[in-house]
Structures are given as structure tokens and as C-alpha cells.
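Enquirer: Got a structure here, written out as C-alpha cells. Questions coming.
Number of protein chains: 2
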Amino acid sequence: MKIGAAVLVALLPLAAQADEGMWTYDNFPKAALKEKHGVTVDDAWLEHLRLSSVRLVEGCSGSFVSAAGLVLTNFHCAQTCLAQISTAQKDYQTEGFLADTLADEVTCPGFEINQLLSIADVSARVEKAVAGRPARERAEAEKAEDLRIEAECASSADVRCDVVSLYGGARHHLYKYRRFQDVRLAFAPEMAIAFFGGDPDNFNFPRYNLDMALLRVWNGAQPLATEHYLRWSATGPKENELTFISGHPGSTRRQFTVAQLEQQRDVQIPDSLLRQAEQRGLLTEYQRRGVEPQRHSMDILLTIENSYKANLGAHHALADPAFFAGLVAREKKLRRLVGAKPESQKAYGGAWDGITAALTRLRGFRDEYYQIEAGRAFSSELFGIARLLVRAAAERPKPVAERLREFSESAIPGLEQAVANPAPLYDELEIALLTFSLTKLREVLGTDHPVVKKVLGAESPEDLASRAVKGTKLHDVAVRKALWEGGPKAIEASDDPMIVLARRVDPDARAVRRRLEDEYEGPLEVETQKLARARFAAYGASTYPDATFTLRLNYGTVRGWTEPGGQVIPPFTDLRGTYDRATGRAPYALPGSWLGRKADLDLDTPFNFASDNDSVGGNSGSPIVNIQGELVGLAFDGNIHSLGGDFGFDEAKNRAVSIHSAAILEAMDKVYRAHRLLKEIRPPR
Amino acid sequence: MKIGAAVLVALLPLAAQADEGMWTYDNFPKAALKEKHGVTVDDAWLEHLRLSSVRLVEGCSGSFVSAAGLVLTNFHCAQTCLAQISTAQKDYQTEGFLADTLADEVTCPGFEINQLLSIADVSARVEKAVAGRPARERAEAEKAEDLRIEAECASSADVRCDVVSLYGGARHHLYKYRRFQDVRLAFAPEMAIAFFGGDPDNFNFPRYNLDMALLRVWNGAQPLATEHYLRWSATGPKENELTFISGHPGSTRRQFTVAQLEQQRDVQIPDSLLRQAEQRGLLTEYQRRGVEPQRHSMDILLTIENSYKANLGAHHALADPAFFAGLVAREKKLRRLVGAKPESQKAYGGAWDGITAALTRLRGFRDEYYQIEAGRAFSSELFGIARLLVRAAAERPKPVAERLREFSESAIPGLEQAVANPAPLYDELEIALLTFSLTKLREVLGTDHPVVKKVLGAESPEDLASRAVKGTKLHDVAVRKALWEGGPKAIEASDDPMIVLARRVDPDARAVRRRLEDEYEGPLEVETQKLARARFAAYGASTYPDATFTLRLNYGTVRGWTEPGGQVIPPFTDLRGTYDRATGRAPYALPGSWLGRKADLDLDTPFNFASDNDSVGGNSGSPIVNIQGELVGLAFDGNIHSLGGDFGFDEAKNRAVSIHSAAILEAMDKVYRAHRLLKEIRPPR
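Chains as they are written, first to last, in my numbering: chain Y, 30 to 714; chain W, 30 to 714.
So, in C-alpha cells, the structure goes:
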């Protein structure tokens with residue numbers, strides 16, 4: 030009962046209440062902070078934190094922590110890099126990595142880091158472009174205007190400009206970034222301590238993880254000179270201390286209507302979970318094929334397990350009658366407020382039914398969209414490259430406003446980086462995953478679906494996967510570049526089997542994408558805009574938009590929580606607890622470095638801590654700072670209750686989980702002897 | 030819109046409407062049949078069909094089709110037998126099996142077949158035994174009385190007596206069976222034609238499957254002389270012909286309240302699906318370990334895939350807003366009827382809230398129950414044997430009424446058969462599945478749960494699985510029999526690692542089972558009885574109970590259906606279509622026998638057909654007969670719309686799928702030359 034009641038209270042307004050809120054930097058609630066916590070932050074404070082914060086475009090956050098471009102983020106955010114630089118002789122995921130000298134820092138292929146320079150409101154311009162159009166043409170017109178704005182803004186390859194749709198499309202802001210594409214790895218510990226406790230302890234607390242890595246941004250032949258970077262706190266945080274997390278929460282669904290939440294609970298999340306569960310089973314067993322297959326598939330298996338657990342937590346939240354009742358009550362309240370005035374009822378009252386109608390239309394082609402356009406049918410990096418090349422050939426010659434969204438001027442440098450990415454691709458793994466996904470294509474759409482027939486013909490999924498992976502030349506970066514440069518003629522002339530496959534399904538993929546935009550996305554935005562305006566009218570402008578993998582700032586305090594059964598969870602763990610928890614068997618086996626240097630460590634050093642900062646996936650790697658703007662920790666996870674945070678913030682139990690800044694220093698010093706890097710980041714004694 | 034409306038009409042009453050209904054033989058609606066179809070069946074007709082019908086206790090149905098004990102059922106119902114008699118040299122699942130002589134028919138280890146002799150109403154006795162007890166003690170008291178009744182009835186090992194709870198506990202009937210434990214295999218075709226189209230075509234139609242097998246019941250040294258068996262129709266069924274399916278539908282949830290349906294949709298079904306999806310991924314990849322691992326795991330993989338697809342269809346039905354609205358309307362109607370009279374409101378009106386309260390309590394220990402007692406943590410045949418032995422030692426010395434339900438006198442012969450079952454168990458597969466399930470135990474209950482700690486200690490799941498499987502002697506039937514006979518002393522003295530494991534968790538498993546009975550099952554039955562009585566009062570006695578894997582009879586007609594998109598699906602396929610669909614690649618590769626003898630076949634022979642008989646899982650292998658009581662087909666599946674049949678019968682689209690009787694004869698004659706068996710079953714020309 031207590032759960033339900035607590036949730037109800039916390040969920041009712043979407044606006045600031047307690048320490049809920051993922052605030053955009055242009056709308057940070059300084060007054061609320063002052064009122065609640067008695068402290069003030071000024072614009073310079075905000076600007077420094079914003080420019081010290083970075084985004085890793087693969088899906089993480091980070092921060093500059095030295096004057097020479099050093100970026101602190103999570104091990105699991107750098108893991109793709111560790112996997113890509115590993116070889117049969119040296120597995121850096123397992124063994125960790127430490128560059129003895131600057132010259133030893135190795136390039137992370139495909140990594141891009143963004144620093145947010147400015148935010149501008151372009152809502153009026155976007156709205157003008159779509160004004161008067163029917164809902165079905167809206168998505169296309171809006172996209173065209175977004176692409177024009179981005180092209181005007183992106184003056185050079187190292188500037189990235191994204192028009193971001195906020196509040197379900199009620200606001201459009203232009204986010205301008207400095208783009209860095211030369212990113213190198215300086216340090217990462219062994220996975221056994223970075224991810225100590227593995228999947229069983231993931232999203233749980235108490236926790237004992239050194240989930241950290243240090244990257245470095247280079248600028249030409251030099252490390253980037255960073256004017257803005259975070260100084261290290263001398264002590265780290267204490268219980269009840271005020272903390273701020275500055276990072277990039279990926280997506281939330283807090284403004285969803287009940288019909289949308291039901292669709293999430295009944296269709297969207299189960300569908301994702303089932304796919305992930307099957308992939309997980311497959312890859313877990315695949316790992317037994319041998320040492321090399323194990324190494325090749327480790328990164329993707331961990332990614333799937335993490336996403337599976339997050340989705341499962343989100344589903345559990347929605348499947349909890351008390352939690353869901355809180356979300357229903359939130360909608361009822363807004364409906365009542367809207368219905369109370371005839372003019373607001375007229376302007377906004379139809380939004381709920383409009384959204385439900387869009388969801389009903391979506392049912393007709395949702396599976397086709399996910400299979401054919403969203404790429405579920407083709408789980409293959411090589412296919413992804415083939416599709417990119419096929420589409421780039423068609424899109425790049427077009428005027429910018431007529432292109433597909435992902436071929437904006439601002440996106441081209443990233444695409445070129447992907448084409449030129451020399452990271453190895455593994456045929457055996459590619460075949461296994463493509464066989465799986467083609468089997469699913471046939472299972473979901475049925476053997477007799479025209480696209481299934483077109484793709485498979487008389488081949489089995491395994492036949493086709495094997496033929497396309499073994500026959501393609503797209504492993505070769507030179508071949509890819511030639512197709513990128515060669516344009517439509519080169520693509521037309523290619524008989525590369527992966528290119529042929531991507532070419533063959535492209536018309537169907539584009540058709541179902543267009544259908545999604547016209548029948549679902551465009552009409553949906555019209556209705557969600559109404560709801561956003563209804564919320565502004567009801568609750569004022571002090572609200573924050575759902576997360577969009579753009580920079581947000583929130584505040585909270587270091588504290589534990591009480592479980593529904595009454596168990597009190599304290600906010601800190603320490604290094605000693607790590608040794609107590611170790612069994613010697615994975616995932617509770619400590620690496621040799623930790624076993625060998627136990628005596629050197631101050632075991633009282635706090636290791637991980639919980640705080641009620643409002644964070645979700647995408648916040649991984651975010652700095653957590655104190656009121657002085659000093660780094661006191663590195664966010665890497667949330668507790669199990671944080672997984673309902675997609676839909677609403679339960680202040681009583683939702684906790685972010687971070688590494689204590691002192692533990693990072695202690696481990697780098699005593700366990701890893703990473704003194705070159707420590708000298709860069711360590712606070713003056 | 031059409032779907033929703035159609036469903037609504039079909040779902041409103043649970044009583045007979047159209048051809049819905051899985052009728053118990055003691056309450057078959059002769060009058061409704063006469064009214065709707067203009068035909069009459071008498072008691073002799075019913076008795077003959079009942080005594081010709083059989084149950085395969087592993088979870089299927091079948092029928093006697095000769096005077097010498099020949100039983101017709103599905104290939105997939107005999108597949109466990111095919112797997113168990115196969116060896117590295119000879120894989121009967123793939124190659125099929127045909128006994129040239131009676132002496133060549135091979136024993137199916139562990140198979141038990143039941144023939145229903147009589148049904149008696151023991152409701153009054155059971156109700157008296159529980160009268161006046163609090164809800165929490167009810168399950169225990171009822172079980173005790175059931176066990177007494179069964180013990181009195183089961184006069185010898187070849188008589189099996191089950192007290193069956195019907196209408197959610199509002200009726201208790203004693204089902205008395207003749208039990209046959211010497212079951213042999215006479216014929217099965219190759220899996221490639223029995224399951225042509227594989228998982229993609231499963232639950233779909235049009236269909237082209239020879240999903241049949243012939244078993245034989247032996248009685249001592251002779252084939253059983255069967256007085257009652259089904260004669261073969263000379264022609265098989267025509268479109269719109271009246272047909273009857275007599276079989277054992279496993280379970281349905283048509284009397285569930287909306288709260289129970291929500292729990293199914295949000296918790297129960299997703300939870301099962303996710304586990305099955307992961308097992309499926311694991312086993313699909315496990316199959317690549319080699320030819321032998323592939324053979325060992327085929328049966329279990331197909332079982333999981335079938336169950337997964339059935340669960341997925343059930344979930345899709347509940348996730349369909351229109352379908353669910355129909356179920357909500359059904360409940361609303363009953364609530365209205367109950368509320369209309371003060372005395373019925375007083376007697377029954379609290380049932381819905383009572384059920385919701387039971388579900389809320391269940392949340393507190395559901396995971397523990399499924400993991401520890403329901404066996405999810407221990408996916409191992411060897412563990413199953415160990416637990417059986419550990420519990421048998423404790424239970425068998427007790428007075429019958431004090432035993433666990435599954436140790437009734439009536440159950441002992443089946444348990445002895447399981448102990449003595451010489452079918453091979455495969456260590457490699459056992460270790461893989463036990464590792465998986467122990468990993469899940471830790472994942473679901475958490476590393477720090479006391480039972481997880483007790484089970485794993487400092488071992489990893491793989492350590493423990495490997496040690497227990499490799500160290501146990503329970504592969505040896507003699508060792509098992511010694512422990513079975515040795516009783517508590519032998520179990521206490523055993524240091525067999527699997528026995529030790531089963532012994533160690535037994536107190537926890539019993540405790541959570543008791544908690545389930547006391548806090549959930551007992552109170553739930555009190556409330557569901559009220560609802561059943563409310564339905565009797567509202568709709569009269571002409572209702573049928575939810576399926577309970579007991580013999581049911583229903584009627585319907587041979588007909589296709591119209592898809593929501595307008596596509597008309599005709600009711601028959603023919604042999605020609607099989608060849609048209611074949612691609613030469615699994616699962617669309619025909620076996621050599623069918624390719625080689627195509628010219629011999631009459632390709633116009635109807636192969637599979639659809640009918641609107643109301644059937645669900647458990648009906649596999651059921652005979653489908655005409656008004657003359659002649660066999661016209663063999664039910665083996667339902668169409669995709671039948672998967673919502675768990676919750677309500679949609680007459681417009683829900684179809685059973687059967688093999689046409691003529692196709693069975695044609696294939697046995699022309700493809701398999703099974704003339705010895707054909708002579709037994711073929712009708713006089």
C-alpha cells in the first residue's frame with residue numbers, strides 16, 4: 030500500500046516536485062533549487078558545467094576532467110572501443126588498458142564526442158513550415174525544415190547541429206555542438222571489477238563497481254586544450270549532500286497518455302523483451318563456441334543483457350497495479366483541468382482520442398516497420414553498412430530538405446566515419462545474428478509475406494546469411510569508400526551480395542517508413558503538441574520535457590532508501606565490502622590486480638553511492654558534482670526502482686548509483702599505478 | 030472494428046452459443062445440438078465415443094482405431110518416445126518408424142494411456158469436508174478429502190481415479206480411468222512431413238502436415254482387445270459437415286475475472302514467454318554443438334517453440350484492445366446481473382474483490398514459488414528424479430490424506446514407472462539446462478536471497494550443475510529403485526549430489542508451496558465458487574467448465590474463415606499443395622519418401638482441414654468424427670486465431686486444424702506401404 034501511495038504523490042504533476050526533473054540548461058529552475066536547498070547557481074556556473082559535459086554519440090555521457098582533453102566516462106561506455114582494439118592475442122575487455130605514455134593512447138574507431146555550445150529556440154520557424162498542412166504531411170514538412178536549419182547551422186565538419194523536438198513537438202530547439210572524432214583510450218580497468226557482480230548485480234545496490242574509463246579527445250596532432258573541465262573534489266560527497274548530474278538521459282515516456290502506456294506495457298516492451306531474451310539465450314550459448322567467439326560476442330551480449338534488464342524493470346513498473354493507477358490518476362487530473370474550461374476543452378480535449386486513433390493505425394503495420402525499416406530483420410553490421418551505402422547514394426545528390434532525416438549535412442561526418450571505421454567484423458558472429466534475424470523476419474511476418482518471399486526466395490535464413498556474409502567485400506574499408514564516392518552508378522553496378530540484399534528491400538523499407546510518418550508520427554505530433562500546451566496552461570512553464578538524449582541537469586541528495594519490506598539501504602558502500610562479496614567465481618571473481626594489492630588499499634574508502642538524482646539510461650558516464658561544481662562521482666547505474674523512472678519519478682525509492690570520486694583516485698593510485706593520468710586529474714593536495 | 034464487434038458477440042455468455050463449448054460427457058447439450066444442427070445423439074453413441082477416446086498423460090489425446098489396441102495420435106504426441114528410442118546410429122525422429130511385424134513394435138518408456146470409464150459427482154462429500162473452515166485451511170482440507178476419495182476408488186494399479194475440480198471448484202467430479210502402461214510404437218512418419226513448415230507454419234493454415242503416429246496398447250503379453258474403437262469413414266468430411274472432437278483440452282481461462290486476465294496479460298504470460306524465448310535461443314544455438322547434441326535437444330526445443338507460439342498468441346489476444354474490451358464487457362454483464370438482486374449481490378458480489386486480494390497476496394511470493402517449488406530453478410530431469418525420490422520417501426509412509434497431492438494412491442503406479450524409466454538422459458544437455466535455470470534462480474531472486482545462497486554457496490551455476498550431473502548415480506535405474514524402496518533411511522544416507530541438492534531445498538520448497546495454498550489457492554477457490562454459482566444462477570446449468578485436461582466433447586462444422594483484411598481462407602488443402610510449397614530447404618524440405626513416391630499419390634486427396642470445433646492445447650491427437658461416429662480426421666493444431674481461445678471462443682475465426690482421414694490412408698498406403706496396419710484400420714470397401 031505504501032508503494033502505491035508514495036508513487037501517486039510523486040507522479041501527479043509532471044512539473045518540478047521534490048528533486049524530480051531532467052532540466053534543459055536553458056530552463057534550469059534556479060528558484061526552485063534555492064527554495065528547496067537554499068543554494069544559488071549562476072549562469073557562469075551553469076555554463077562551465079555545460080561546457081565540461083560531453084556526449085558520446087553511441088549513447089553515453091561524460092565530462093572533461095583535465096586541461097588536456099581527458100574525458101571521464103564509464104567502462105561500459107568505452108567497451109565497444111575495448112572490443113574493437115582487442116585481438117586474439119590481447120583481450121583488453123578482460124585485461125583492461127593503461128597507456129604508459131600519451132603516445133600509447135589508442136584510437137577508438139567510430140567514437141564521436143559532442144560538447145554543447147548553444148541552444149536556440151527555432152519553434153516559430155518550424156511551426157511556420159508546417160502551418161496549415163494536413164496531419165499526414167506534417168512529418169515530412171517538419172523534417173524538411175529541420176534539415177534546412179541544420180544545414181545552415183553546420184558551418185564545418187567539426188560543428189554538429191541538431192534540431193530537437195521537445196515536449197512531444199511543442200518546442201523545437203537547435204542544439205549546436207562542437208564535434209570531436211579523434212577519441213583515444215587512456216585507461217580502463219578489468220571488466221571483472223568494472224562490472225563486478227555482473228548481470229545479477231546490475232541495477233542493484235549495494236554495489237561495488239569501478240565502472241570507469243578515461244578517454245582523450247585529440248585536436249589535430251595534439252590533445253585538445255580544454256578551457257572548461259571539472260576539478261576533482263578533495264573529499265567526495267557526504268550523506269545528504271546536494272549533488273547535480275549533468276548528462277544525456279536517452280528517452281523517457283513521462284508525458285505518455287494512458288493509451289500509449291498501455292501500448293508500451295502490452296505491445297512495445299514485451300516485443301522488445303522477447304527478442305532480447307532469445308538473443309541473450311542464443312549469445313550465451315554462442316559464447317561456448319570457443320575463446321574467440323566469446324571475445325567477439327561479449328560486448329553485444331552485455332549490451333543486450335543490460336537493455337533486457339532495463340526493459341524488464343520498466344515492464345514490471347507498468348505491470349504493478351498501484352504504479353499504473355498513479356499514471357492513470359495523473360492523466361485524469363489533466364483531463365479534468367482541460368475539461369474545466371470550454372476553450373481548453375475545445376483546443377486540447379480531443380488529443381487523447383487522437384493519440385489512441387494513431388496507435389490503432391500503427392497496429393496495421395507496426396511489425397512490418399520494425400522488421401523491414403527499423404532493421405530487425407537484418408541484425409548484421411555488414412548489412413548496416415550496405416544499407417548506409419545504398420541510401421547514401423540515393424540521398425546525397427538530393428537537395429538537403431528532400432533527404433531522409435539521417436542524411437542531414439550535420440550527419441555526414443558521422444556517416445563518413447562509419448564507412449571508414451576499420452574495426453574488425455567477425456563473419457561467424459555476423460552469420461549467427463543474421464540467421465537469427467532472418468528467421469524472425471519469416472516468423473513475424475509469415476512465410477507468405479511478399480517481402481519475406483523477396484528476401485528469402487527458396488533459401489533458408491542460414492543459406493542467405495552465410496552467402497551474403499561470406500560473399501560480401503564490405504569488410505574492406507577501401508571497397509566501402511569506393512561505393513560511398515561512386516554514388517548511384519557504383520551501387521547500381523555492384524553485385525556484392527550484401528549490397529544486392531540492401532538494394533532489394535530498400536523500396537519496401539522506404540514505403541513502410543513513409544507510412545509510419547504519414548499515418549502515425551505526423552498525426553501523433555499534432556496531438557502531443559496539444560497535450561503539451563494543455564500542461565503549460567495547467568501547470569505553468571516550470572516543466573521539463575521528456576528525455577531526448579540531449580544535455581540535461583538535475584539535482585538531488587546523497588541518500589539511501591527503505592525497501593517496501595522495511596529494509597533500510599544505506600547510501601554508501603566501501604572497498605572492504607568488495608572483498609567480502611567476492612567468491613572467486615565470475616561474476617564475483619576479483620581480478621588479480623585487486624587481489625594482489627588489497628593490502629595497499631584504504632579499505633574504508635567509499636566505493637559506490639546512491640542519490641536521488643533523476644537519471645535514466647544515457648546518463649551513464651555523467652559527472653556528478655557538488656555545489657562548488659567539483660566532481661564528486663561518476664554516475665553508472667540506477668537501482669532497481671529507477672527502472673520505473675521512464676514513466677514517473679518515485680522520489681522515495683528511485684536512486685542513481687555512482688562511483689565515489691575517492692574510490693577512483695584510490696584505485697588508480699594503489700591498484701593501477703596510473704600516476705601519469707592521476708597527475709592530470711588529481712586535485713592539489 | 031469488425032473484429033471487436035464479432036468478438037463481443039461471441040464472448041458475452043460463457044454458456045452454449047453457436048458451436049462454442051468443451052462439454053463434459055455427463056452434461057453434453059443434446060438439445061442444443063438438435064436445435065442447431067437438427068441431429069440427435071443418444072447415450073450409446075456418447076458412450077462408444079467416450080470409450081474409444083484416450084488420454085496420453087504426457088499431455089495429449091488419442092483414440093482407439095482397431096480392435097487390437099491401436100491408438101491414433103499425433104506425431105508430436107509420440108515424439109518423446111521417438112526421441113527416447115533413438116540412438117546415435119538411428120534417429121527415428123528424423124527418419125520415422127514403421128514396425129514390420131507386431132513383434133517389431135517398440136515400447137515407449139514412460140507412456141501412460143487412460144480410458145475414461147465413468148464420472149461421478151462427489152461435490153457434496155468434498156464440500157462437507159471443507160465446510161466451516163477458514164479460507165486459508167481450505168486447500169489442505171480439500172486435498173485430504175480428494176486423496177481419500179481417490180484411494181477408495183483406485184482398487185488396483187490399472188485403475189486410475191482423479192478428483193477433478195470443475196467450474197473453479199464449484200463442482201468436484203471423480204473421473205475413473207482404466208490405466209495402460211504398456212504402450213508401444215507402431216508407426217510414425219518422418220518429422221519433415223509430420224511437421225512440414227516447422228515453426229513458421231505452426232498454428233497457421235493453409236497447412237500440409239502428416240502429424241500422425243500409431244501406438245498400440247498392450248495388455249500382458251497381448252495387444253489389448255478393444256471393444257470400443259472408431260471405424261474409419263469411407264470418404265472423410267465435406268465442407269459444412271457436422272463434426273465432433275472428443276479429447277482432452279488442457280486448460281482454459283474463460284471464467285477468469287478481469288483482474289485475473291490482467292495478471293495473465295501483465296505478469297503470468299510475459300514471464301513464461303520470456304523464459305521460453307531465452308531457452309529457445311539457447312537451445313537453437315545448442316543444436317550447433319553437433320549431431321548428437323542436436324538429436325538430444327530436438328524434442329525439448331520443439332516443445333518450447335510450440336508453447337512459446339501458443340503463449341504469444343494468447344498474449345496478443347489479451348493485448349488487443351477490442352478483444353480485451355469483450356472480456357471486460359462479459360464481466361460487466363455478470364456483475365450487473367449479480368447486482369440486480371440484493372441476495373445474489375450479498376452471496377456473490379464480493380467475489381471479484383476477493384480474487385483481486387488473492388492476486389495481490391500472490392505478488393509477494395510468486396517468484397519464489399515458481400523458482401523453488403514449481404521447479405524453474407532446476408531444469409534437469411535428474412533433479413526431477415531426485416526430488417521425486419526425496420519426497421516419495423517422506424510421503425509414502427504417511428496416511429494417504431496427509432500426503433502431498435501428487436502422492437495419491439492413484440498416482441503411485443505412474444511414479445514407479447517414472448523411477449523405472451530406462452530412457453537415456455544426456456549429461457551435456459542436463460548441464461546446459463541446469464546451468465541456465467540456476468542462473469535464472471539467482472537473477473530472479475537475487476544473489477542475496479537465502480535460498481540462492483543455500484543452493485549456490487560459493488559455486489557458480491555452472492560449477493554446481495556440472496558437479497551434480499556428473500556426480501549423480503541417478504542415471505542408473507537400479508540406483509533409483511533402491512532409493513525408492515529404501516525410503517527415508519536410504520535418502521538420509523545418500524551422498525548423491527543430486528539427492529543432496531533436492532534434500533537441501535525441500536524445506537524451502539514445501540514452505541512456499543504451503544504459503545501458496547494457504548494464502549492464494551484456498552481463498553481463490555472460495556471466490557471462484559461464488560462466481561460459478563452466480564453464473565449458474567444467471568445463465569442456467571447449460572454451461573461448460575474451463576478445460577482441465579479431462580475428456581470433453583464438442584461439435585462444429587468444417588469451414589474456412591475470412592481474415593480481417595478480407596482474405597477468404599478455404600477449409601481444405603490437398604496433397605498437391607504440399608509439393609507446391611516445398612523449397613527443398615528445412616522446414617520446407619519434403620522427405621525422400623514423399624519425393625520418390627509423388628507419382629503414386631492421388632494429389633487431389635484432401636490433406637488438412639479447418640473446422641470451427643472449439644479446441645485448445647491438449648486436444649492434440651483427438652479424433653474428429655462425423656454424426657455416424659466414424660473417424661473423419663485427426664486434430665493436431667488450431668489456426669492463429671484459436672490462440673485467443675484460452676479466454677473466449679471467437680466463432681468467426683477460431684478454427685481447429687485436422688488431418689483428413691483420406692490423407693492418412695493415402696500416405697500410409699502409397700508412401701509408407703504400411704499395409705499390415707492399414708488392414709487393421711481401413712474401412713471395408
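Built from N, CA and C at the ideal position, the CB exists for glycine as well.
Under 8 angstroms, Cβ to Cβ, is there at least one residue of chain W near Pro266 of chain Y?
Expert: No, Pro266 of chain Y does not count as interfacial toward chain W.
Enquirer: Taking 8 angstroms as the CB-CB limit, is His344 of chain Y close to chain W?
Expert: So yes, His344 of chain Y belongs to the interface.
Enquirer: Considering only their Cβ atoms, is the gap separating Ala96 of chain Y from Ala254 of chain Y smaller than 8 angstroms?
Expert: It is a contact, given that the beta carbons lie within the stated cut-off.
Enquirer: Look up Phe126 of chain W in the DSSP assignment and say whether it is helix, strand or coil.
Expert: Strand, per DSSP.
Enquirer: In its own chain, which residues sit with a C-beta less than 7 angstroms from the C-beta of Gly52 of chain W, not counting the 5 before and 5 after it?
Expert: Inspection of the sequence shows that residue 52 of chain W is occupied by Trp rather than by Gly. Pro58, Tyr573, Arg581, Leu582, Asn583.
Enquirer: Measuring CB to CB, does Ser439 of chain W end up less than 8 angstroms from Cys190 of chain W?
Expert: For Ser439 of chain W and Cys190 of chain W, yes; Cβs fall inside 8 angstroms.
Enquirer: Starting from Leu89 of chain W, trace the alpha helix (DSSP H) in both directions and tell me its first and last residue.
Expert: Looking at the sequence itself, residue 89 of chain W is Cys, so the reference to Leu does not match. Run containing Cys89 of chain W: none in the alpha helix (DSSP H); it sits in the beta strand (DSSP E), 89-93.
Enquirer: Select from W:Arg605, W:Leu418, W:Thr602, W:Gly98 the residue whose C-alpha is nearest the C-alpha of Leu244 of chain W.
Expert: The option with the nearest alpha carbon to Leu244 of chain W is W:Gly98.
Enquirer: Quick check for students: name the residue ranges of the beta strand (DSSP E) that lie wholly in the region 569-655 of chain W, counting only runs of 3 or more.
Expert: Fully enclosed beta strand (DSSP E) runs of 3 or longer: 581-586, 601-603, 635-640, 652-654.
Enquirer: Can you give me the Cβ contacts of Tyr399 of chain W inside the same chain, cut-off strictly under 7 angstroms, excluding the 5 residues immediately before and after it?
Expert: Answer for Tyr399 of chain W: Arg405, listed in chain order.
Enquirer: Let me see if you follow: with CB-CB separation under 8 angstroms, is Gln284 of chain W close to chain Y or not?
Expert: No, Gln284 of chain W does not count as interfacial toward chain Y.
Enquirer: May I ask you to report which of helix, strand or coil DSSP gives Asn668 of chain W?
Expert: Reduced to three states, the DSSP call for Asn668 of chain W is coil.
Enquirer: I'd like to confirm the pairing. Which residues does DSSP put opposite Thr102 of chain W in its beta bridges?
Expert: W:Ala242, per the DSSP bridge assignment.
Enquirer: Can you check which of these residues, Y:Phe565, Y:Val429, Y:Val541, Y:Phe578, is closest to Cys182 of chain Y by C-alpha distance?
Expert: If we check each option's Cα against that of Cys182 of chain Y, Y:Val429 comes out closest.
Enquirer: Taking Gln144 of chain W as part of the beta strand (DSSP E), name the residues at either end of that continuous run.
Expert: Looking at the DSSP string, the run of the beta strand (DSSP E) that includes Gln144 of chain W is 142-150.
Enquirer: Just confirm the distance between the C-beta atoms of Val654 of chain Y and Val661 of chain Y, as a whole number of angstroms; I'd bet it's less than 8 angstroms.
Expert: With a Cβ gap of about 6 angstroms, Val654 of chain Y and Val661 of chain Y count as contacting.
Enquirer: Just by C-beta distance, which residues in the region 477-498 of chain W are closer than 7 angstroms to chain Y?
Expert: Answer in chain order: Ala487, Glu488, Ser489, Asp492.
Enquirer: Give the C-beta separation of Asp492 of chain Y and Arg614 of chain W to the nearest angstrom, bearing in mind that I take them to be a contact with Cβ-Cβ under 8 angstroms.
Expert: Right, the Cβ-Cβ distance comes to about 7 angstroms (below 8 angstroms), so this counts as a contact.
Enquirer: My output table needs one value for Gly198 of chain Y: the three-state DSSP class, helix, strand or coil.
Expert: It is helical.
Enquirer: Decide yes or no for the touch test of the region 69-85 of chain Y against the region 624-632 of chain Y: beta carbon pairs closer than 8 angstroms, at least 3 of them.
Expert: These segments do not touch.
Enquirer: Quick one: is Arg532 of chain W buried, meaning 16 or more other Cβ sit within 10 Å of its Cβ, or exposed?
Expert: By the 10 Å Cβ count, Arg532 of chain W comes out buried.
Enquirer: Is the region 550-569 of chain W touching the region 382-394 of chain W in the sense that three or more CB pairs, one from each, lie closer than 8 angstroms?
Expert: As far as the Cβ criterion goes, the region 382-394 of chain W touches the region 550-569 of chain W, which means the pair count is three or higher.
Enquirer: Taking just the CA atoms, how far does Gln284 of chain W sit from Ala346 of chain Y?
Expert: Straight-line Cα distance between these residues: approximately 27 angstroms.
Enquirer: Whole angstroms are fine: how far does the CA of Tyr608 of chain Y sit from the CA of Arg434 of chain Y?
Expert: Cα to Cα, Arg434 of chain Y sits roughly 50 angstroms from Tyr608 of chain Y.
Enquirer: Can you tell me where the beta strand (DSSP E) holding Ile688 of chain Y begins and where it ends?
Expert: 685-689 is the span of the beta strand (DSSP E), which, as asked, contains Ile688 of chain Y.
Enquirer: Starting from Tyr237 of chain Y, follow its DSSP beta bridges and name the residues at the other end.
Expert: Per DSSP, none; premise fails for Tyr237 of chain Y.
Enquirer: Compare the C-beta of Pro229 of chain W against all C-beta atoms of chain Y and say whether one is closer than 8 angstroms.
Expert: Chain Y contact via Cβ: present.
Enquirer: In the DSSP assignment, find the unbroken beta strand (DSSP E) run with Glu281 of chain W in it and report its ends.
Expert: A small fix is needed here, since residue 281 of chain W is Thr in this sequence, not Glu. Counting along the chain, Thr281 of chain W falls outside any beta strand (DSSP E), and DSSP gives it neither H nor E.
Enquirer: Using the rule of at least 16 other Cβ atoms within 10 Å of the residue's Cβ for burial, across every protein chain shown, is Val159 of chain Y buried or exposed?
Expert: By the neighbour-count rule (16 or more Cβ atoms within 10 Å), Val159 of chain Y is buried.
Enquirer: Identify, in the order they occur along the chain, each residue of the same chain with its Cβ nearer than 8 angstroms to the Cβ of Pro517 of chain W, setting aside the five sequence neighbours on each side.
Expert: Excluding positions up to five away in sequence, the list reads Ala422, Ala423, Pro426.
Enquirer: Beta-carbon of Asp328 of chain W versus every beta-carbon of chain Y: anything under 8 angstroms?
Expert: No - not a single Cβ of chain Y is within 8 angstroms of the one on Asp328 of chain W.
Enquirer: Below 8 angstroms on the Cβ atoms is my contact criterion, and I expect Ala186 of chain W with Phe104 of chain W to pass it. Report the Cβ-Cβ distance as a whole number of Å.
Expert: Between Phe104 of chain W and Ala186 of chain W the Cβ distance is about 29 angstroms, and since that is not below 8 angstroms, they are no contact.
Enquirer: Among all the DSSP beta bridges, which residues are the ones paired with Arg213 of chain W?
Expert: W:Thr136, W:Arg245.
Enquirer: I'd like to know whether the C-beta atoms of Ile384 of chain Y and Glu556 of chain Y end up nearer to each other than 8 angstroms.
Expert: For Ile384 of chain Y and Glu556 of chain Y, yes; Cβs fall inside 8 angstroms.
Enquirer: Please say whether Asn238 of chain Y and Phe665 of chain Y have beta carbons closer to each other than 8 angstroms?
Expert: Yes, these two residues count as a Cβ contact at 8 angstroms.
Enquirer: Across which residues does DSSP place Trp52 of chain W in a beta bridge pair?
Expert: DSSP lists W:Leu582 as partners of Trp52 of chain W.
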